[in-house]
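Working notes, beginning with the structure itself.
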Amino acid sequence: MKLSRRDLGVLLPALAAVRAAAQQKAAPALPSKIYHNDQIRYEGDETKKGRRFFYGVNRSGFNVEMHETVLGPGTETHAPHKHEHEEIVLVVGGTGETYLEGRTETAEAGSVIYFGSNQMHSVRNAGTTPLRYYVMELRGNQV
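So in my numbering, spot 18 of the sequence shown is number 99, and the numbers just go up one at a time.
Okay, structure coming up:
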């Protein structure tokens with residue numbers, strides 16, 4: 082099948098619109114509500130556990146997720162990696178060692194970390210007590 086430039090000019094935007102619509106349908110609409118701490122269960126063990134508070138599309142069509150991670154002493158979330166979405170991390174307990182694009186820096190309770198799009202990053206518990214932090218994932222049009 083041979084397509085002209087004109088055919089592609091019509092077809093490609095239509096395919097992009099279909100893909101965007103499919104992505105929007107994949108994530109649930111995010112309701113306004115209180116997500117009670119005692120009603121959201123952890124998955125994992127004392128070495129590494131987490132829980133998702135919410136994931137969905139807000140009223141402006143933006144995909145967001147909020148989760149909590151708790152790491153035992155010496156535990157790393159995962160090897161340094163990168164992804165398209167951005168993350169805002171609020172450290173609420175313990176001391177973390179944050180790797181960001183070749184640099185390592187300590188983040189203690191009360192610190193806020195911002196991981197930009199497509200930047201290599203990871204977090205490791207550098208202390209002797211559990212490291213606890215919340216992550217707000219800003220996914221935009223990503224599912």
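Ideal Cβ placement from N, Cα and C applies to all residues, glycine included.
Where does residue i sit, in a helix, a strand or coil, going by DSSP?
| i | result |
| --- | --- |
| Asn118 | helix |
| Gln105 | At Gln105 the pLDDT is 49, less than 50, meaning the model places this residue with poor confidence; the figure from the coordinates comes in the next sentence. Correct three-state label for Gln105: helix. |
| Leu212 | strand |
| Tyr180 | strand |
| Gly197 | coil |
| Ala188 | strand |
How about residue i and residue j: are their beta carbons less than 8 Å apart?
| i | j | result |
| --- | --- | --- |
| Gly221 | His166 | yes |
| Asn118 | Pro154 | no |
| Gly175 | Gly208 | yes |
| Val173 | Ala188 | no |
Looking at the secondary structure, which residues open and close the beta strand (DSSP E) in which residue i lies?
| i | result |
| --- | --- |
| Lys163 | Counting along the chain, Lys163 falls outside any beta strand (DSSP E), and DSSP gives it neither H nor E. |
| Leu152 | Asn144 to Leu152 |
Just the Cα atoms here: how many angstroms apart are residue i and residue j?
| i | j | result |
| --- | --- | --- |
| Arg213 | His159 | 15 Å |
| Tyr116 | Tyr136 | 12 Å |
| Glu182 | Met217 | 20 Å |
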